[in-house]
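Heads up: the sequence shown begins at 1 in the UniProt record's numbering, then just goes up one per residue. The structure under discussion appears below in the form of structure tokens.
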Amino acid sequence: MRRWCANAREVVVAGGEGGTVVLAHGYGMDQASWDKILPSITKANKVLLFDWDFTAGADEDGDEARYTFGRFADDLIALMDEREVRGAVLVGHSMSAMVGCIAAARRPDLFAHLLLLCASPRYINSEEEGYVGGFEEAAIHGMLGAMESDFQAWVKGFVPNAAGGAADDMAAATVEPLERSFLAMDPAVALGVARMIFLGDQRPALDAVPAQCTIVGVRHDFAAPPVVAEYMERRMTKAGTDVAVVIVESVGHFPQLVAATRVAGILDGMLLRLRHQGLSIGHDGTEEGETTVPVATEVQIDGGIDVTT
């Protein structure tokens, strides 16, 4: 079953000389979440968008056990292979940022650069390890319980907070469409994916990312606060990854909606730097003379769910 490509599509602009940018949306959203930044990046690049299989329009089989970061990474790899794209730029929002890290570790030839937008490898704090993820474990379990008992009520409470709607007029305008997108998910599927995201621990994946990375956080994002971006930078730098952090002065967990101009500017600047470095971004593997990211040994990253009980 092609779970990952229920609504896969490409946006190609005639005359564009850039490579391929892959846009991977986060939880509760679909490919329409990128609409505000598309006019900028399609001027010189081919853009590949798709919907994960938990969206309203995608085909799902109801098997919660298949929801792991590793499975999503394999689906992303399969999509790249079918499109014969190598050395692309991946923009992964929220959960898709860590999916991208795992996919890049497993297949280093696929991505020249990862832009990790509002990423978090672990949402639960660990006092013993000195790790701040933003949430206490009891709060996560309480949230999951609220989702299970009344999904609609949970969405109505969670989305305005996650969007930062109480603090910013632009964010407030995103709340209603975001709520519709969240509510379009099947509640059982939404719960299964949420368990994967909020109970999982993907920190080890940060040690094996071969591609350059730009971590983009938001100053006032309660779901993935800047301290998480700083942790990721330290750990990835220690592991030898070329990584930079940019903190957007905005609110909420959805900067592609609330601060789209800023996000598009960061992406455009990063693409320009890659071209200056002489990297060939996102061409298929069949053209003669192409120079893409070197293929390294595949790294085995589990990416499975880690449920703390």
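Using N, Cα and C, we set each Cβ at its ideal position, and we do this for glycine too. Computed from a predicted model, the values in this text were never measured in an experiment.
- The C-alpha of Asp268 lies about 23 Å from the C-alpha of Ser120.
- The beta carbons of Val245 and Glu233 sit closer together than 8 Å.
- Check the Cα spacing between Glu84 and each of Thr20, Gly100, Leu38, His25: the tightest is with Thr20.
- Scanning the stretch 208-235 from its first residue to its last, the whole beta strand (DSSP E) runs of 3-plus residues come out as 212-220.
- Looking at the DSSP output, Lys46 sits in a beta bridge with Thr20.
- Ranked by how close their Cα comes to the Cα of Asp75, the residues Arg273, Ser33, Ala24 have Ala24 in first place.
- For the set Phe54, Leu110, Gly28, the Cα lying nearest the Cα of Val22 is the one of Leu110.
- The Cβ atoms of Leu272 and Arg235 lie no closer than 8 Å to each other.
- Within the same chain, and ignoring the five residues on either side of Ala239 in sequence, the residues whose Cβ sits closer than 6 Å to its Cβ are Asp207.
- It is roughly 32 Å from the alpha-carbon of Ala105 to the alpha-carbon of Val159.
- In this structure, the CA atom of Met185 is about 16 Å from the CA atom of Phe50.
- If you draw a straight line from the Cα of Leu274 to the Cα of Leu114, it comes to about 12 Å.
- DSSP places Ala153 inside the alpha helix (DSSP H), whose first and last residues are 151-163.
- Residue pairing by DSSP places His93 opposite Leu117 in a beta bridge.
- Contact between His276 and Cys118 does not hold, since their C-beta atoms are separated by about 27 Å, which reaches or exceeds 8 Å.
- Less than 8 Å separates the beta-carbon of Val218 from that of Val248.
- Within the same chain, His25, Gly26, His93, Ser181, Phe254, Gln256, Leu257 come within 8 Å of Ser33 by CB-CB distance, once the 5 residues on both sides are set aside.
- DSSP places Ala88 within a strand segment (E or B) once states are collapsed to three.
- Shortest Cα-Cα distance from Ile197 to any of Tyr231, Val263, Ala44, Glu137 involves Glu137.
- Boundaries of the beta strand (DSSP E) around Glu249: 243-251.
- For Asn161, the closest alpha carbon among the candidates Asp150, Met270, Cys101, Thr174 is that of Thr174.
- In the DSSP assignment, Ile140 is bridged to no other residue.
- Here the alpha carbon of Glu148 sits roughly 26 Å from the alpha carbon of Pro225.
- Taken atom to atom, the span from the alpha-carbon of Leu144 to that of Leu90 is near 29 Å.
- Looking at the DSSP output, Ser126 sits in a beta bridge with Tyr131.
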